[in-house]
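Asks: Okay, here's the structure, questions in a sec.
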Amino acid sequence: MKRLSRREALKIGALAGGSLLLPTLLPHRSFAKSGVSPKTKPFTLPFRVPPVLQPVKSNDTPGSNGAQNFTGTDYYIITHKPGMQEILPGYVSGVWGYNGIFPGPTIKVPEGRQTVIRHINQLPAGNPTVVHLHGMASLPQYDGYAEDYIPPGYYKDYYYPNDKARTIWYHDHALGKTALNVYRGLAGFYIVQNDLELNLELPKDKYDVPLFLHDKLFSANGSVIYDDLGETHLMGDVITVNGVAWPRMKVARRKYRFRILNGSISRSYRLALSTGEPLIVIGTDAGLRATPVPVKELKIGMAERYEVVIDFSHYKEGTQIVLQNRELPINIDYDDTNVVMRFDVDDSEDDGTLDPPLPGKLGDIEILQEKDAKRTREWRFHRNNGQWVINGKVWNKKRIDAKVNLGDIEIWKIYNNAGGWFHPIHVHLVDQQILDRNGKPPLAYERNCWKDTFYVGPNESLRIIAKYGPHKGKYMMHCHNTVHEDFDMMTQFEVGYGGLDPVATAPAQPIEKMYPF
Ligand code: C2O
Ligand code: CU
160 MKRLSRREAL KIGALAGGSL LLPTLLPHRS FAKSGVSPKT KPFTLPFRVP PVLQPVKSND
220 TPGSNGAQNF TGTDYYIITH KPGMQEILPG YVSGVWGYNG IFPGPTIKVP EGRQTVIRHI
280 NQLPAGNPTV VHLHGMASLP QYDGYAEDYI PPGYYKDYYY PNDKARTIWY HDHALGKTAL
340 NVYRGLAGFY IVQNDLELNL ELPKDKYDVP LFLHDKLFSA NGSVIYDDLG ETHLMGDVIT
400 VNGVAWPRMK VARRKYRFRI LNGSISRSYR LALSTGEPLI VIGTDAGLRA TPVPVKELKI
460 GMAERYEVVI DFSHYKEGTQ IVLQNRELPI NIDYDDTNVV MRFDVDDSED DGTLDPPLPG
520 KLGDIEILQE KDAKRTREWR FHRNNGQWVI NGKVWNKKRI DAKVNLGDIE IWKIYNNAGG
580 WFHPIHVHLV DQQILDRNGK PPLAYERNCW KDTFYVGPNE SLRIIAKYGP HKGKYMMHCH
640 NTVHEDFDMM TQFEVGYGGL DPVATAPAQP IEKMYPF
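The sequence shown begins at 160 in my numbering and counts up by one.
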C-alpha cells in the first residue's frame with residue numbers, strides 16, 4: 160500500500176460519498192478568526208466519559224509468553240466501523256470509531272494480566288487500518304507497524320503484556336493515513352493499573368477521570384471537515400473533550416484525578432485554571448511520577464499524557480471554573496480555542512467517600528545515568544523542499560536508521576531544525592527520561608518520571624535517555640503531529656538482531672476464518 164498524495168485523498172473523500180460518514184476533504188485555504196464551524200456556545204453539552212469495555216472472556220490460568228509471566232488473560236473484541244454522534248450541540252456528526260464511537264471504549268486492565276484484543280475492520284472498502292497501543296512495550300508484530308494492515312473484512316488479534324501501570328491510548332497508525340484515521344475517530348484510552356497505585360490515597364473511581372482533548376472543524380451541516388492546510392497541520396476551531404465540544408462537568412467539593420491525553424492531530428495546549436489555582440502533576444506518559452508537582456500551567460503536545468489532581472474542595476457550591484488553553488507558538492487560535500471545558504461545583508456529585516490529603520511520595524523512579532550510555536545518536540527533524548524529514552530522509556520500510564543492542568542504554572539527541580514548527584517526538588517500545596532541553600535542565604514536572612513523547616519547540620534541542628528493550632525487532636520513531644508523520648517524518652530503529660518481522664509474523668486474517676475465543 161503506497162501512501163496517499165493529497166490528490167488521492169481528495170478522490171477517496173469524493174468517491175466514498177456520504178458526507179455525514181466521512182470527513183469532507185478541503186483544499187488549502189485560510190480561515191477567519193471566527194473559524195468555519197457553526198457557532199455554538201462553549202459549555203452547552205454535559206461532560207461524558209467513554210464507556211469501559213468489558214472482556215468477552217477471561218481465564219485465570221497463569222501463563223508465560225517470552226519474558227512475561229501472566230496471572231491470566233482477558234479477551235476483548237473491537238470493531239472498526241462508522242457511527243454518528245453529537246459532538247457539537249444540536250448537530251449529528253459522522254465518525255469512524257472503535258465500536259463506532261469517538262473516543263473508542265476505554266480498556267482498563269490490572270497490571271500483570273495479558274490482554275488479547277481482537278480488532279475487526281468493518282470500514283468501507285479501501286480503508287485498511289493499523290492499531291498501535293501507544294505506551295505499551297509490545298512485540299513488533301503487535302506494535303501497529305505502519306504497514307501491518309487490517310484490510311476491511313479482516314481481523315487481527317493483538318497480544319499485550321500490560322507489565323506497567325500507566326495511562327496510554329490505542330489509535331490508528333496506517334501509513335500515510337494516520338492523521339485522517341485518527342481525526343475520523345479511531346482512538347481511545349487504555350489504562351493499566353497496579354495495586355501499588357490503587358493503595359495510594361489518590362482520587363478513585365468516579366473521581367478518577369480521563370480527558371481526551373481533540374480539536375475539530377465542522378461544516379454548516381455538522382459533518383466533520385479535514386483540512387491539513389497543505390500537509391502542514393490541522394487546526395480545529397472547536398475543542399472537544401471525550402468527543403464533546405467544550406463540555407461542562409459537575410464536580411464535588413473534593414479532589415479529582417484527571418488523566419489528560421492530547422489526542423489532537425496538530426494542536427498543543429497550555430492548560431491553566433481560570434481561578435489561578437494549580438494543577439498538581441502526579442503522572443505522565445509512563446505512569447506516576449516520584450512526587451506531585453503543582454504547576455500554574457501545563458504544556459501538552461500531541462500524544463503526551465499528564466495526570467493531574469485538581470482540588471475543588473475550597474470552592475463554594477455553584478462556582479464555575481474554566482479549564483483554559485493559553486497561547487502557544489504555531490497553533491492557530493480561533494475565538495473559542497482558548498477554553499477547553501468548565502467545572503461546575505455541585506454537591507450532588509459527592510458520594511461521601513473520604514478525600515484524604517495527597518501523598519507526598521508516589522513511587523520510586525530509577526534515574527538512568529549518562530555515564531552508562533553506550534552511545535549518542537543525533538536526529539534532526541526538519542523540512543526539506545516542502546517535505547517533513549528526519550536526518551534528511553523520508554520513510555522507507557527497507558531502511559533502518561539505528562541498530563541498537565538489546566539492553567543498551569543510549570542517549571538520543573533530538574534537534575528541531577524547522578524554525579516555525581514544533582514537533583512532539585514519539586519513540587516506540589521504550590520509556591525515556593529527559594536529560595536536558597537546550598542544554599538546560601528540563602522543567603520540574605519533566606524530571607523524576609518516564610515519558611514516551613517529547614514536546615520539541617521551534618529550534619529546540621532535547622537529549623533523552625533510554626534502555627533499549629525488552630523486545631528485539633523493528634520499531635518506529637516519528638513526529639506525533641500525525642500530518643507530519645504521514646508526510647513523511649517517520650523512521651525506524653532495530654533493537655537486537657533477529658527480531659520477529661512486524662508484518663509477516665502475525666498478519667491479519669479474513670473474517671471468515673475467525674475462530675471464537
Ligand atoms: Cu501514538 Cu507511533 O504513535
Ligand atoms: Cu512534526
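Quick reminder that beta carbons are idealized off the backbone N, C-alpha and C, glycines included.
On the CB-based measure, 16 or more other CB atoms within 10 Å of its CB, does V548 come out buried or exposed?
Replies: Classification for V548: buried.
Asks: If V254 sits next to G194, beta carbons under 8 Å apart, how far is it from one beta carbon to the other, in whole angstroms?
Replies: Actually they do not touch by this definition, with Cβ atoms about 20 Å apart.
Asks: Would DSSP call V195 helix, strand or coil?
Replies: V195 falls in the coil class under three-state DSSP.
Asks: Quick check: what's the CA-CA separation for V553 versus L355?
Replies: Each residue's alpha carbon lies about 43 Å from the other.
Asks: Cβ of P661 within 7 Å of Cβ of Y304?
Replies: In this structure, Y304 lies closer than 7 Å to P661 by Cβ.
Asks: In angstroms, rounded to a whole number, what distance separates the CA positions of K315 and V498?
Replies: The straight-line gap from Cα to Cα measures roughly 39 Å.
Asks: Confirm the yes/no value for this check: CB of C608, any heavy atom of the ligand CU, distance under 6 Å.
Replies: False, no ligand heavy atom lies under 6 Å from that Cβ.
Asks: Quick one: is I480 buried, meaning 16 or more other Cβ sit within 10 Å of its Cβ, or exposed?
Replies: Per the 10 Å Cβ criterion, buried.
Asks: If you measure from each residue's Cβ to the nearest non-hydrogen atom of the ligand CU, which ones come out under 5 Å, in chain order?
Replies: Matched residues: H582, C638, N640, H643.
Asks: For V215, I'd like the list of residues in its chain whose CB is within less than 8 Å of its CB, leaving aside the five on either flank, ordered along the chain.
Replies: Same-chain partners within the cutoff: Y234, Y235, I236, F676.
Asks: Quick one, are the C-beta atoms of K520 and L565 less than 7 Å apart?
Replies: No; because the gap between Cβ atoms is not below 7 Å, this pair is not in contact.
Asks: With DSSP run on the structure shown, which of helix, strand or coil describes S507?
Replies: Correct three-state label for S507: helix.
Asks: Using the three-state DSSP reduction, which class does V589 fall into: helix, strand or coil?
Replies: Here V589 sits in coil by DSSP.
Asks: Which complete beta strand (DSSP E) runs does the region 540-621 hold, if anything under 3 residues is left out?
Replies: The qualifying runs are 546-549, 561-563, 568-575, 582-586, 592-596, 612-615.
Asks: Candidates L282, I276, Q483, A324: which alpha carbon is nearest Y317's?
Replies: Here the closest residue by C-alpha is I276.
Asks: Taking just the CA atoms, how far does V208 sit from P369?
Replies: Computed Cα separation, rounded: 7 Å.
Asks: Return yes when at least one heavy atom of the ligand C2O lies under 6 Å from the C-beta of A462, else no.
Replies: Indeed, a heavy atom of the ligand C2O lies less than 6 Å from the Cβ.
Asks: Please confirm whether any heavy atom of the ligand C2O lies closer than 6 Å to the CB of H293.
Replies: Yes, the beta carbon of H293 sits closer than 6 Å to at least one heavy atom of the ligand C2O.
Asks: Beta-carbon separation of Q483 and S423 under 7 Å?
Replies: Not a contact, by the Cβ cut-off of 7 Å.
Asks: When burial is assigned at 16 or more other CB atoms within 10 Å of the CB, is G256 buried or exposed?
Replies: Buried, since its Cβ has 16 or more Cβ neighbours within 10 Å.
Asks: Report all residues from its chain with a CB closer than 6 Å to the CB of M243; omit the five preceding and five following residues, and keep chain order.
Replies: So the qualifying residues of the chain are V251, G253.
Asks: Which of helix, strand or coil does DSSP assign to L376?
Replies: L376 falls in the strand class under three-state DSSP.
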